[in-house]
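**Student:**
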Amino acid sequence: MATILAVDDSASMRQMVTFTLKGAGYDVQEACDGSEALKIAKTKKFDLVLSDVNMPVMDGIELVTELRQLGEYKFVPILMLTTESAGDKKMAGKKAGATGWIVKPFNPEQLLNTIKKVLG
Amino acid sequence: MSIDLSQFHQVFFEESFEGLDIMESSLLALDLAEVDAEIINTIFRAAHSIKGGAGTFGFMQVSGFTHVLETLLDQIRSGERDIEQVYVDMFLECVDCLRGLMSDLQAGTEPDMSQADDLKSQFEVILSGDTEAGTEENLAEEPSADGTKPGSQEGENVTTNDSEEKGWKIEFIPCEDVLCTGNEPYRMFRELQDLAEAESDGSIEVIPHLDQLPEFAKMHPEMCYLSWTIIVRSTIELSDIEEIFEWVVDDCKITYKRLADCDLSILEEHHKLGSDSEAVESETIESEVIESELIESEVIESELIESEELGSIPEQAPEIHAAEVNEKIEKALEKVAAKTAPSATKKPATKAAENTSIRVSIDKIDGLINMVGELVITQSMLGQLGQEFDVSRIQRLQEGLQQLEQNTRELQESVMKIRMLPISFAFSRFPRLVRDLSKQLDKEVNLVMLGENTELDKTVMEKIGDPLVHLVRNSLDHGLEGVKERTDNGKSSAGTITLNAYHHGGNIVIEVQDDGAGLNKDKIRSKAIEKGLVAEDEQLTDGQIYDLIFQAGFSTADVVSDVSGRGVGMDVVRRNIAELNGSIDVSSTPGEGSIFSIRLPLTLAILDGQLVRVGEEVYIFPLVSIVESIQLEKSMLNNITGSQFVMQLRDDYVPIVCLQDIFNTDTEKKDLEGAMLVVVEGDNEKIGIVVDELLGQQQVVIKSLEQNYQKVDLISGATILGDGTVALIVDVSGLNNHSSDKKSDEQTQAA
Chain E
308 MATILAVDDS
318 ASMRQMVTFT
328 LKGAGYDVQE
338 ACDGSEALKI
348 AKTKKFDLVL
358 SDVNMPVMDG
368 IELVTELRQL
378 GEYKFVPILM
388 LTTESAGDKK
398 MAGKKAGATG
408 WIVKPFNPEQ
418 LLNTIKKVLG
Chain F
1493 MSIDLSQFHQ
1503 VFFEESFEGL
1513 DIMESSLLAL
1523 DLAEVDAEII
1533 NTIFRAAHSI
1543 KGGAGTFGFM
1553 QVSGFTHVLE
1563 TLLDQIRSGE
1573 RDIEQVYVDM
1583 FLECVDCLRG
1593 LMSDLQAGTE
1603 PDMSQADDLK
1613 SQFEVILSGD
1623 TEAGTEENLA
1633 EEPSADGTKP
1643 GSQEGENVTT
1653 NDSEEKGWKI
1663 EFIPCEDVLC
1673 TGNEPYRMFR
1683 ELQDLAEAES
1693 DGSIEVIPHL
1703 DQLPEFAKMH
1713 PEMCYLSWTI
1723 IVRSTIELSD
1733 IEEIFEWVVD
1743 DCKITYKRLA
1753 DCDLSILEEH
1763 HKLGSDSEAV
1773 ESETIESEVI
1783 ESELIESEVI
1793 ESELIESEEL
1803 GSIPEQAPEI
1813 HAAEVNEKIE
1823 KALEKVAAKT
1833 APSATKKPAT
1843 KAAENTSIRV
1853 SIDKIDGLIN
1863 MVGELVITQS
1873 MLGQLGQEFD
1883 VSRIQRLQEG
1893 LQQLEQNTRE
1903 LQESVMKIRM
1913 LPISFAFSRF
1923 PRLVRDLSKQ
1933 LDKEVNLVML
1943 GENTELDKTV
1953 MEKIGDPLVH
1963 LVRNSLDHGL
1973 EGVKERTDNG
1983 KSSAGTITLN
1993 AYHHGGNIVI
2003 EVQDDGAGLN
2013 KDKIRSKAIE
2023 KGLVAEDEQL
2033 TDGQIYDLIF
2043 QAGFSTADVV
2053 SDVSGRGVGM
2063 DVVRRNIAEL
2073 NGSIDVSSTP
2083 GEGSIFSIRL
2093 PLTLAILDGQ
2103 LVRVGEEVYI
2113 FPLVSIVESI
2123 QLEKSMLNNI
2133 TGSQFVMQLR
2143 DDYVPIVCLQ
2153 DIFNTDTEKK
2163 DLEGAMLVVV
2173 EGDNEKIGIV
2183 VDELLGQQQV
2193 VIKSLEQNYQ
2203 KVDLISGATI
2213 LGDGTVALIV
2223 DVSGLNNHSS
2233 DKKSDEQTQA
2243 A
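The listed protein sequences correspond, in order, to chains E and F.
This note's numbering numbers the first residue of the first sequence as 308 and each following residue consecutively.
This note's numbering numbers the first residue of the second sequence as 1493 and each following residue consecutively.
#1: Quick one: is F/Asn1675 buried, meaning 16 or more other Cβ sit within 10 Å of its Cβ, or exposed?
#2: Under 8 angstroms, CB to CB, which of the residues in the segment 310-323 of chain E have a partner in chain F?
#3: Residues in its own chain within less than 8 angstroms of E/Asp316 by CB, not counting five upstream and five downstream?
#4: Go ahead and pull the three-state DSSP assignment for F/Asn1999.
#5: Please classify F/Arg1725 as buried or exposed, where buried requires at least 16 neighbouring CB atoms within 10 angstroms.
#6: Tell me the rounded alpha-carbon separation between F/Glu1510 and F/Asn2156.
#7: Per DSSP, what kind of secondary structure is F/Ala2219 in: helix, strand or coil?
#8: Please specify which runs of the alpha helix (DSSP H), each continuous and at least 4 residues long, are wholly inside the segment 1648-1707 of chain F, giving them in chain order.
#9: For F/Ser1541 and chain E, any beta-carbon pair shorter than 8 angstroms?
#10: Is there contact here, the segment 2092-2105 of chain F with the segment 1933-1953 of chain F, by at least three beta-carbon pairs under 8 angstroms?
#11: What is the C-beta distance between F/Ile2112 and F/Val2224, in whole angstroms, given that I count them as a contact (C-beta under 8 angstroms)?
#12: In chain order, which beta strand (DSSP E) runs of at least 3 residues are fully inside the segment 2121-2157 of chain F?
#13: How should F/Tyr2201 be labelled, buried or exposed, when 16 other C-beta atoms within 10 angstroms of its C-beta is the threshold for buried?
#14: How would you write the range of the alpha helix (DSSP H) that F/Ile2069 sits in, first residue to last?
#15: Based on Cα-Cα distance, which residue from F/Asp1934, F/Arg1537, F/Gly1545 and F/Ala1529 lies nearest to F/Thr1563?
#16: Using a Cβ-Cβ cut-off of less than 8 angstroms, give me the residues of the segment 368-386 of chain E that come near chain F, in sequence order.
#17: Looking at the structure shown, is F/Leu2164 part of a helix, part of a strand, or coil, going by DSSP?
#18: Please identify the residue among E/Ala309, E/Leu418, E/Leu386 and E/Thr390 whose C-alpha is closest to the C-alpha of E/Lys401.
#19: Of the residues that make up the segment 1493-1509 of chain F, which ones have a beta carbon closer than 9 angstroms to any beta carbon in chain E?
#20: I'd like to know if F/Arg1448 contacts chain E, where contact means its C-beta is closer than 8 angstroms to some C-beta of that chain.
#21: By a C-beta neighbour count over all protein chains shown, 10 Å radius and 16 as the cutoff for buried, is E/Thr390 buried or exposed?
#22: Closest by CA to F/Lys1856, which one among F/Leu1893, F/Phe1881, F/Met1912 and F/Ser1508?
#23: Of the residues that make up the segment 408-423 of chain E, which ones have a beta carbon closer than 9 angstroms to any beta carbon in chain F?
#24: Out of E/Leu388, E/Leu357 and E/Lys351, point me to the one whose CA is closest to E/Gly378's CA.
#25: Using a C-beta cutoff of 8 angstroms, does F/Gly1674 count as contacting chain E?
#26: Please name the residue or residues paired with F/Asn1992 in a DSSP beta bridge.
#27: Identify the continuous beta strand (DSSP E) that holds F/Tyr1579 and give its terminal residues.
#28: Would you decide whether F/Met1465 is buried or exposed? Buried here means 16 or more other CB atoms lie within 10 Å of its CB.
#29: Name the chain E residues that come within less than 7 angstroms of F/Thr1452, Cβ to Cβ?
#30: Quick check on this structure: which residue in F/Leu1903, F/Leu2092, F/Gln1890 and F/Phe1664 has the alpha carbon closest to the alpha carbon of F/Leu1718?
#31: How many angstroms separate the CA atom of F/Gln1895 from the CA atom of F/Leu1877?
#32: For F/Arg2255, which of helix, strand or coil comes out of DSSP?
#33: Less than 8 angstroms between CB atoms is the rule here; does F/Arg1573 satisfy it with respect to chain E?
#34: Once DSSP output is grouped into helix, strand and coil, what is the label at F/Ser1873?
#35: Expressed to the nearest angstrom, what Euclidean distance is found between the alpha-carbon atoms of F/Val1578 and F/Gly2024?
#36: Looking only at its own chain, which residues have a Cβ that is under 6 angstroms from the Cβ of F/Met2128, when we skip the five neighbours before and after it?
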C-alpha cells in the first residue's frame, strides 16, 4: 500500500489524518514540523507527502522547496493543508513545487477522496 | 466511511490551551518598540492552528471568532499594519475569551458567545478601516471570479441546448515544469474519465498536440512539451471539471467550451491519425512517470500516538478507582492522583479538563522501555536459577535479588519521572497576572522567574498553582509599595517580584520574594491582639509574629482591595500546602522585603520512610523530616512543667513527646533515660519523639487514610509493609503543632 508522510504541528490534526489514512489502508508516518519531515524523507521515500503550511522550525513551503531538491522527491506529489484565507500561501506553495492543496477545514472523506485521486 | 471526530477533541482542546498559553506569553514578551517578527509569527501560528483545528473538528463558533483575530495578526505579520498596544490588549482579551469558549466546549456546554461577538465586531471595525470589504465575502467568491478563465464565464452564459451535443471541449496547455510539481496530466485525464464515465453514455477523448516538441537534442526529460485537447461527452458541470484542474489552473492555460459551440474538425483529424498518436501519447506519459526505484530502509517509527497512549495510562486510572476506594496498595499511586483531582481547581468548568492526559517526552518513554527490558532479563535469570536451585548457588540468588531491587528502583524512578513536569507550567501564568495587576494597582513591577526547569510532580504542580497566585497577589498588593513611596524611600520606582524554584534535598523549594516594605510587625501584632489571636502582654519572637499571618481570619490590609482579600487568607494557603505534605514559612526585613518559601515533596505517591517500633506498632517517619536519632542521656533532660520534658540539643531546646501518649497505645511507659529518640523537624520546629526501636529505612507507597477510612489527626497516611501489615505514617508538622498546643495549654494552666 502507498506510503504517506503526514506533517503537521498540531497533534490533533496529525491524529485525525493518520487515523483516517491508516483506516483506508495507507502506511502513514508522522512528522511534527518541516525539519523532522525532511529528516524522515531522507531515510525513506514516500509516495505522497501531506504537509501543513504554518509550522515552527521549518514551515511547509520551505519543506516543499527542500524536498524538490532531493532527487527522490522530484516528482512525488506533495499536498499542502491550507486554510481558505491563505490564497497567497497556495501560490507560494505552488511556486515552491507543491502539487496541490487541501483546504482546511476538511473532513476525513474529503481528505481521502483527494488522496485517492492523487495516488490513483 | 465515517469517522467519529470526537475522538480527537481531547487532544485538540489540550493543544489549543497550550496554544493559548503560548499566545499569551508571546504577547506579554512583545516589545512594541522593537517588534520581534518571530514572536508575531508564533502568535499567528497559534491562532492559526486553533482556527484550523476548530474548523476541522466542527467548532464553528471558535473558528469564526479566531478568523478575524488571525486576519489582523496576518496583516501585522506581513507588515501591512503596525502592532499597537491596543491590539495587544485586545489579543490578550481574545486569549481569555477563547479559553472560556474552549472550556465550555470541553465540558460539553454551549459556549457563551457574547464576549466573543463583542470582540469580533471590534476586530471587524479595525479590519474594515482599510480593507474595502469583509474578507470572508471576498474569499467565498475567489475561485470562480478568476479572470484567467474566460471560458468559464462564456460557458456559463450559454443556456443548455438539449438538441446540441452535450459536454465540454477543454484546451489544456500545461506549463513546461508541470511535472516538477508532481502534477501528472495523466491523473487529471483519469479523473475526467471517471467523472464522465459515471454516466452510461459518457466518454472522453484526449487529443495530444506535439507541435511544441523541440528537437530531441534540446529536449529536457523533466519538461512537459505536450498540450492536449480533451473532449468530454457528458452532462457534467463545469465546476466539477474546474475542480480537477484546480491545482494547475494558475500556471497552465486551460479553456473550456461547450461542445455545442465548437468546431469539431480537430476530432476528425485526430481519428485519421488513429493509433499512431495514441501510441506516442501513452509512451510519453509512461516515460515521464518512470521514477527512480525507492530504496527501502528501515525506519524506526516513533509514533506520537503510541507515546501518548502510554502517557495517559496513569490518568485514566483515577476514574476507574475513585468508585472502589478500598483497593489494594499497588494502586495507591493512582489513588493519590484521584484524591487530588476534585480539589485541583475551583472552576467547575475546567475541572473536567484536569488530569486527562500528560505529555511525555519520548526519551522518558524510551528509558522506561529500556528499564523494563532489564527487568525481564533479571526475571528470566532468577527463573532459571529457581528451576535448578541448590544451596551452593545462594550467592547467585542474592546477586539476582540485588539486581531485581535495583531494577525495581530504577523503574520506579523512571515511572515517577513521567509525572514530573518543569515548574514553568505553574509559573507561566504569572507574567500576565503581574502585568494586569500592576496596571490595576498602578504600581511598577518587574517579574523575575528563576529555576523554571525544576521538575515537580504534575499533581503537586496543579495544587500549588492557586496558593502561588495568592502569594504573588499578596506581594504585589501588600508587599510592594506604590511608585511614590518607593522613590521617597530612595528605592527604584519599579518593584521586583522574584519567583524561584530549586531542589533542596528530597524537596522542591519555591520562593516568592518581593523587595517591598517588608512585613509590619507592629501592625500584625496589634491586629492579632484585636482579633484575639494573642494576649496583649505576650512576648513574641519575630518568627512567631510573622507566623500569625497564617492564622485563620487574619488580614492586615486597611482596605480590602479587589486584588487580595477575597476571603481566602494565608491560612488557606498554608492548609493547601500542608495537604501536599509541604510547609511554608516567611522571612522579612523591614524596608527590604519579604520572602515566602514553600517546601514541597517531589511526589505524593512515594516516600522515603524511617520505620520505628513503638510497643507492638510500627510507625513511619518521612526520612526528610528526621534531623537525627540519638539515645537520651539524663544530662540532656529538663523537666519544665508537669510531664513536659525538653532536651538540650546543642544550642536548642527540643520538646520531647512519647508516641505512646499521643496514640494511646497501651504499652507500659518506660523511663526516658536511655530511650531512643528521633529528632524530627516540621514547620521549622524541632521535636524529639521517643520510640522503642529504630527499624529499617525503606521507600513506602503512601495510601490515603482519608480516602479509605477517615481523616486521622497526626497521621498523614498509611502503607503496607513487605510482610503485609499496615503501618501508619506520622504527620510530623501536625505532631509539632500538637506539642506546641499542649505546651501552651499547660503554660496557661500554670499561669
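All C-beta atoms, glycine included, are put in the ideal place defined by N, C-alpha and C.
Just so we're clear, the structure is a prediction, and the values are computed from it rather than from any experiment.
**Tutor:** Walking through what the data contain:
#1: Counting from one through the second sequence, the residue named residue 1675 of chain F turns up at place 183. Result: buried.
#2: Asp316, Ser317, Ala318, Ser319, Met320, Arg321, Gln322 and Met323
#3: Taking the first residue of the first sequence as position 1, residue 316 of chain E is located at position 9. Cβ within range, chain order: Cys339, Asp340, Asp359, Asn361, Met362 and Pro363.
#4: In the second sequence, the residue the question calls residue 1999 of chain F occupies position 507. Correct three-state label for F/Asn1999: strand.
#5: What you label residue 1725 of chain F is simply residue 233 of the second sequence in a count that begins at 1. Of the other Cβ atoms in all chains shown, 16 or more fall within 10 Å of the Cβ of F/Arg1725; this residue is therefore buried.
#6: Within the second sequence, numbered from 1, the residue matching residue 1510 of chain F stands at position 18. Within the second sequence, numbered from 1, the residue matching residue 2156 of chain F stands at position 664. Whole-angstrom Cα-Cα distance: 52 angstroms.
#7: As a first step, residue 2219 of chain F is located in the second sequence; it is residue number 727 there, counting from the start. Looking at F/Ala2219 - three-state DSSP - the assignment turns out to be strand.
#8: 1677-1689
#9: If you number the second sequence from 1, residue 1541 of chain F lands on position 49. It does; some Cβ of chain E falls within 8 angstroms.
#10: Three or more beta-carbon pairs separated by less than 8 angstroms link the segment 2092-2105 of chain F to the segment 1933-1953 of chain F, which places the two stretches in contact.
#11: Position 620 of the second sequence, counting from 1, holds the residue named residue 2112 of chain F. Position 732 of the second sequence, counting from 1, holds the residue named residue 2224 of chain F. In this structure F/Ile2112 does not touch F/Val2224 by the C-beta definition: roughly 11 angstroms separates them, more than the 8 angstroms allowed.
#12: 2129-2133, 2136-2141 and 2144-2150
#13: Here residue 2201 of chain F refers to the residue found at position 709 when the second sequence is read from its first residue. Classification for F/Tyr2201: exposed.
#14: Residue 2069 of chain F sits at position 577 when you count from the first residue of the second sequence. Start and end: Met2062 to Glu2071.
#15: Stepping through the second sequence from its first residue, residue 1563 of chain F is reached at position 71. When each option's Cα is compared against that of F/Thr1563, the closest is F/Arg1537.
#16: Arg375, Gly378, Glu379, Lys381, Phe382, Val383, Pro384 and Ile385
#17: Sequence index remark: in the second sequence, residue 2164 of chain F carries index 672 (1-based). If DSSP states are grouped into helix, strand and coil, F/Leu2164 belongs with coil.
#18: Along the first sequence, one-based indexing puts residue 401 of chain E at 94. The residue with the shortest Cα to Cα distance from E/Lys401 is E/Leu386.
#19: Met1493, Ser1494, Ile1495, Leu1497, Gln1499, Phe1500, His1501, Gln1502, Val1503, Phe1504, Phe1505, Glu1506, Glu1507 and Ser1508
#20: In the structure displayed, chain F extends from 1493 to 2243; residue 1448 of chain F sits before or after that span and is not available.
#21: Position 83 of the first sequence, counted from the start, is the residue given in the question as residue 390 of chain E. Counting Cβ neighbours within 10 Å, E/Thr390 comes out buried, since at least 16 surround it.
#22: Numbered from 1 along the second sequence, position 364 holds the residue referred to as residue 1856 of chain F. Checked all of F/Leu1893, F/Phe1881, F/Met1912 and F/Ser1508; the closest Cα to F/Lys1856 is F/Met1912.
#23: Trp408, Lys411, Pro412, Phe413, Asn414, Pro415, Glu416 and Leu419
#24: Taking the first residue of the first sequence as position 1, residue 378 of chain E is located at position 71. When each option's Cα is compared against that of E/Gly378, the closest is E/Lys351.
#25: The count along the second sequence starts at 1 and reaches residue 1674 of chain F at position 182. Answer yes: the Cβ-Cβ gap between F/Gly1674 and chain E drops below 8 angstroms somewhere.
#26: The sequence position of residue 1992 of chain F within the second sequence is 500, counting from 1. BP columns for F/Asn1992 point to F/Leu1942 and F/Glu2003.
#27: As a working mapping, residue 1579 of chain F is identified with position 87 in the second sequence. Counting along the chain, F/Tyr1579 falls outside any beta strand (DSSP E), though it belongs to the alpha helix (DSSP H) covering Gln1577 to Ala1599.
#28: For residue 1465 of chain F there is no data in the structure shown, the boundaries of chain F being 1493 and 2243.
#29: A query on residue 1452 of chain F cannot be resolved here, the shown segment of chain F reaching from 1493 to 2243 and no further.
#30: For this step, residue 1718 of chain F is matched to residue 226 along the second sequence. The option with the nearest alpha carbon to F/Leu1718 is F/Phe1664.
#31: Within the second sequence, numbered from 1, the residue matching residue 1895 of chain F stands at position 403. Within the second sequence, numbered from 1, the residue matching residue 1877 of chain F stands at position 385. Taking the straight line from one Cα to the other gives about 14 angstroms.
#32: Within the shown structure, residues of chain F are numbered from 1493 to 2243, placing residue 2255 of chain F beyond reach of any answer.
#33: As a working mapping, residue 1573 of chain F is identified with position 81 in the second sequence. Judged by the 8 angstroms Cβ criterion, F/Arg1573 is not in contact with chain E.
#34: The sequence position of residue 1873 of chain F within the second sequence is 381, counting from 1. For clarity, residue 1873 of chain F is Met in the given sequence; the question names Ser instead. Three-state DSSP puts F/Met1873 in a helix.
#35: Within the second sequence, the letter at position 86 stands for residue 1578 of chain F. Within the second sequence, the letter at position 532 stands for residue 2024 of chain F. Near 49 angstroms, if we compare the C-alpha coordinates of F/Gly2024 and F/Val1578.
#36: Here the question's residue 2128 of chain F lines up with position 636 in the second sequence. The answer, listed in chain order, is Met2139 and Gln2140.
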